[in-house]
Amino acid sequence: MPHTVKPWPYPRWIAHRGAGQLAPENTLAAFRVGASHGYRMFECDVKLSLDGVPFLLHDDTLVRTTDAPEQLGAGLSAVGGDHPWATLSQLDAGSWHSRAFAGEPLASLAAISSFCRANAYCLNLEIKPTPGLERQTGAVVANHAARLWADAAAPPLLSSFDVQSLQAAKGAQPQLPRALLLDALWSGWLEAALSLDCVAIVCDQLLWDATTVSQARSAGLHTLSYTVNEPAQAQRLIDLGLDGLITDRIDYFAPARQPSAD
48 MPHTVKPWPY PRWIAHRGAG QLAPENTLAA FRVGASHGYR MFECDVKLSL DGVPFLLHDD
108 TLVRTTDAPE QLGAGLSAVG GDHPWATLSQ LDAGSWHSRA FAGEPLASLA AISSFCRANA
168 YCLNLEIKPT PGLERQTGAV VANHAARLWA DAAAPPLLSS FDVQSLQAAK GAQPQLPRAL
228 LLDALWSGWL EAALSLDCVA IVCDQLLWDA TTVSQARSAG LHTLSYTVNE PAQAQRLIDL
288 GLDGLITDRI DYFAPARQPS AD
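Residue numbers (the working numbering): 48 to 309.
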């Protein structure tokens, strides 16, 4: 028997890593740029520092998006999770992008929460664990999210490619909404999402068609897609009825002028 799809409390258009490619990803500066383009929902990646502080970083290492190689020296680990927050917070996470953002620090989840809550913005929080810390990261991020967004009208949507992280998040804070991220429709994907009590599936855009959307919706799941950067892609997904489109092209897609998910 088909499940009922509950009302979706989030905007359809979601800025990838804060501002797509217009600002250094996963920083407060990126969120401000995304907001200046009219976005009211953001996607970002979160992992844990060595001392358990949730902070924003996509890669396992700090090399691509910070000055860690210069600041930490050749003898120290480049893995973000191998350093305490006091060290991470001193890194420059903006200069790699452009001079305009030189000195922009890494963002803690607490700082992102303050910005989002003060402005009534929504968040898709991707749990991106350092390898080996899947369960710990899922639980700690969920616990921090529950505290930081206590009594929020729309709590953050916790998503992950890692099933263990989502299991731990569910165990720690079962009331927070969860979404399974997929880059392939592996065997049992739908059953896994249901076992995790997910509210949504977030897929590579190429995986969505009339059949897969119907499968998800019949199971009571909402449908989101990444990373939607071309008008034809967006229109195809809107025609399929997707609930959320994650994009880098915040300069092209103006959410206020796009159809909503309602």
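All C-beta atoms, glycine included, are put in the ideal place defined by N, C-alpha and C.
Along the segment 125–198, the beta strand (DSSP E) occurs as fully enclosed runs of 3 or more residues at 169–174, listed in sequence order. A straight line joining the alpha-carbon of K53 with that of T258 spans about 20 Å. A226 is not a Cβ neighbour of A186, given a cutoff of 8 Å.
By the C-beta density criterion, H63 is buried, having at least 16 other C-beta atoms within 10 angstroms. Per the C-alpha coordinates, the member of L95, Q220, Y86, G81 positioned closest to T177 is L95. One thing to note: P58 has its Cβ no nearer than 8 Å to the Cβ of P278. For the pair V126 and T108, the CB atoms are nearer than the 8 Å cut-off. Where R264 is concerned, the enclosing alpha helix (DSSP H) starts and stops at 257–265.
Fewer than three beta-carbon pairs drawn from the segment 69–77 and the segment 276–293 are found closer than 8 Å, and the two stretches are therefore not classed as touching. At a Cβ-Cβ threshold of 8 Å, D244 and F208 do not count as neighbours. With respect to the 8 Å criterion, W255 and L228 are not classified as neighbours on the basis of their beta carbons. Look at A70 here: in three-state DSSP terms it is coil, with no helix or strand label. In this chain, the beta strand (DSSP E) harbouring L229 covers 225–229. When C-alpha distances from L172 are compared across H50, G85, Q118, W196, the shortest belongs to W196. Within the DSSP secondary-structure output, P101 pairs in a beta bridge with L95. Shortest Cα-Cα distance from A140 to any of R146, H130, P152 involves P152.
Taken through DSSP and simplified to helix, strand or coil, D106 comes out as coil.
Taking T134 as reference, the option from P116, R146, W143 with the minimal CA-CA separation is P116. For S207, the enclosing beta strand (DSSP E) starts and ends at 204–207. Exclusion of the five residues before and after D298 leaves G67, L69, H84 as the residues of its chain whose Cβ lies within less than 8 Å of its Cβ. Burial check for W60: the Cβ neighbour count within 10 Å reaches 16 or more, so the residue is buried. Judged by DSSP secondary structure, V210 falls within the alpha helix (DSSP H) whose first and last residues are 210–219.
Scanning P202, A200, G179 for the CA closest to the CA of S212 turns up G179. Scanning A240, A189, A121 for the CA closest to the CA of P221 turns up A189.
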